[in-house]
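Okay, so here's the structure we're looking at.
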Amino acid sequence: METFTPTHVQSVLDSHRLGLTVIHFDDHTTTSQDAARVIGCELGQIAKSMCLMVGGSPALVVASGDQRIAEAKLAKHFGIGRKKIKIASPEQCVTVFGYAPGGVPPVAHRTADIPIIIDTTLSRWDRIYAAAGTPHDNFGLTFDQLCTITGGTVLDCAKEVETGE
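The opening position of the sequence shown corresponds to residue 366 in the numbering used here, with each subsequent residue numbered one higher.
Shown next, in the form of structure tokens:
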């Protein structure tokens with residue numbers, strides 16, 4: 366099955382008429398760390414898309430690149446046990462979401478109406494950056510624009526950071 370392209374992402378962005386544009390980079394932005402380095406922003410400004418299977422159904426979590434996700438918080442939100450939340454396989458990323466890992470955008474998925482959860486930690490930034498279909502394509506936007514284009518549910522789903530105190 367073929368992956369969707371940045372053209373698919375740009376089409377969805379254009380439909381919202383917010384002036385959002387996919388930008389292509391020569392260097393790869395596969396990981397949040399790579400993306401922050403190539404874009405020239407803070408790690409936390411990267412809006413990483415995490416493809417999940419929740420009780421066998423797809424869901425997408427968009428979280429800040431410097432955060433880890435608390436499965437317990439997601440399990441509570443979805444009303445299931447924590448062990449029923451799994452990271453989607455690379456094959457599921459393509460067949461269900463439409464993109465290979467490292468390039469999954471928060472919009473323009475192969476399967477319609479995938480629940481999208483947006484972690485609250487992204488709201489601390491004026492500008493954030495999301496993947497746009499490949500490990501070389503991204504787009505910048507605001508937290509409010511992310512909420513608008515995804516129709517996602519904003520939820521505190523980041524793990525609490527241990528300070529060692």
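Heads up, the beta-carbon is just placed ideally off N, CA and C, and yes, glycines get one too.
With contacts defined as CB atoms closer than 8 Å, G517 and I482 qualify as a contacting pair. Residue state for L385 is assigned as coil, using DSSP reduced to three classes.
Judged by pairs of C-beta atoms under 8 Å, the region 443 to 462 does not touch the region 489 to 505, as fewer than three such pairs exist. In the structure shown, the three-state DSSP call for I483 is strand. In the DSSP annotation of this structure, D491 is not part of any beta strand (DSSP E), being labelled neither H nor E. Rounded to whole angstroms, the Cβ separation of V387 and D502 is 5 Å, and the two are in contact under 8 Å.
Setting aside the 5 residues that flank it on each side, K438 is surrounded in the same chain by C522, each with a C-beta closer than 6 Å to its C-beta; the list follows chain order.
Short of 7 Å from the beta carbon of E407, and not among the five residues preceding or following it, lie these beta carbons of its own chain, in chain order: A401. The three-state secondary structure of D502, taken from DSSP, is strand. Taking 3 residues as the shortest admissible run, the region 369 to 435 contains the following complete beta strand (DSSP E) segments, listed from N- to C-terminal end: 411 to 419 and 422 to 429. Bridge pairing for L520: D484 [DSSP]. Membership of I514 in any beta strand (DSSP E) is not indicated; the residue belongs instead to the alpha helix (DSSP H) covering F508 to T515.
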